[in-house]
Ligand code: DC
């Protein structure tokens with residue numbers, strides 16, 4: 003691997019629709035760089051799970067009252083991120099079809115987004131992170147060092163997600179998965195608050211015909227280019243503004 007001459011730790015934003023390969027690619031890129039991987043979708047899923055458990059109406063007012071009672075922690079493990087909700091590891095429950103059904107609605111509410119975006123900024127403020135989601139390069143870190151927008155055709159995304167769910171023991175058909183992805187694409191792209199969109203300065207990578215290794219390499223190549231440019235320009239830290247303060251989330 004060509005050398006990475008970065009003297010500072012970068013923020014790498016990976017956005018795109020569900021099933022485009024974001025989380026696997028982001029995790030591998032983070033591993034190769036020794037960075038933290040942060041799956042922001044899991045944070046929206048954890049809030050959704052908490053709302054379902056509390057049995058509250060899925061409305062902004064009711065959610066806004068629930069949010070101050072929620073403590074999210076993100077822990078790294080060799081298998082990836084574990085998500086803790088008020089001290090309980092809920093990682094497996096986050097993939098529950100009921101959570102998937104409601105998460106696009108829950109994540110469309112400005113109060114929920116404000117609550118989570120603030121935590122995401124704190125988690126990434128020191129750099130050395132690969133963060134994946136829908137609005138990382140547009141809203142959470144508009145000054146991210148590297149921005150990638152991963153996409154793939156709907157049939158390919160559905161096939162990948164179908165295999166993931168089957169591995170988790172969740173009984174679904176490929177048609178159901180495709181319909182659910184198409185529904186979430188529509189909701190995530192058309193909500194008024196930070197919709198899924200490609201930042202103008204993001205590099206689009208279509209993963210339809212790519213292996214995970216190839217996707218990972220393409221992102222790492224962008225990181226190398228960034229590092230080399232920064233070294234040539236003598237740039238040390240150009241990322242502003244910084245966000246400070248303690249995060250609710252933590253990594254170990
Ligand atoms: O990546 P995922 O499928 O786990 O994300 C679950 C939902 O959360 C997705 O349908 C949209 C929402 N989401 C979001 O609005 N913003 C993010 N940064 C990440 C996820």
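Numbering (our numbering), first residue to last: 3 to 254.
The beta carbon of each residue, even a glycine, is placed where N, CA and C say it ideally should be.
Any non-hydrogen atom of the ligand DC closer than 8 Å to residue i Cβ
i, result
"residue 102", "yes"
"residue 188", "no"
"residue 116", "no"
"residue 199", "no"
"residue 47", "yes"
"residue 44", "yes"
"residue 130", "no"
"residue 168", "no"
"residue 11", "no"
"residue 91", "no"
"residue 136", "yes"
"residue 98", "no"
"residue 109", "yes"
"residue 194", "no"
"residue 149", "no"
Three-state class that DSSP yields for residue i in the structure shown
i, result
"residue 46", "helix"
"residue 110", "coil"
"residue 85", "strand"
"residue 193", "coil"
"residue 22", "coil"
"residue 125", "helix"
"residue 204", "coil"
"residue 212", "coil"
"residue 38", "strand"
Span separating the alpha-carbon of residue i from that of residue j
i, j, result
"residue 226", "residue 149", "13 Å"
"residue 108", "residue 64", "11 Å"
"residue 174", "residue 96", "16 Å"
"residue 229", "residue 202", "20 Å"
"residue 144", "residue 57", "35 Å"
"residue 209", "residue 142", "24 Å"
"residue 68", "residue 232", "43 Å"
"residue 21", "residue 222", "20 Å"
"residue 9", "residue 135", "26 Å"
"residue 85", "residue 23", "19 Å"
"residue 113", "residue 66", "6 Å"
Whole-number beta carbon distance between residue j and residue i, since they are thought to touch under 8 Å
i, j, result
"residue 29", "residue 82", "6 Å"
"residue 258", "residue 74", "Lying before the first or after the last residue shown, residue 258 is absent from the chain, which here runs from 3 to 254."
"residue 132", "residue 214", "In fact, because the Cβ distance is near 14 Å, the residues do not count as touching under 8 Å."
"residue 197", "residue 190", "7 Å"
"residue 204", "residue 139", "5 Å"
"residue 32", "residue 39", "4 Å"
"residue 110", "residue 195", "6 Å"
Cβ-heavy atom distance, residue i to the ligand FMN, below 8 Å
i, result
"residue 159", "Questions concerning the ligand FMN fall outside what the structure shown contains, since the ligands it does hold are the ligand DC."
- Could I get the ranges of all uninterrupted beta strand (DSSP E) runs contained in the segment 135 to 187, with 3 residues as the minimum, in chain order? Within the segment 135 to 187, the beta strand (DSSP E) runs of at least 3 residues that lie entirely inside it are, in chain order, 148 to 153.
- Only counting runs of 3 or more residues, tell me where the beta strand (DSSP E) segments fall wholly within the segment 53 to 103, in order along the chain. Taking only runs of at least 3 residues, the beta strand (DSSP E) segments lying wholly in the segment 53 to 103 are 74 to 79 and 82 to 87.
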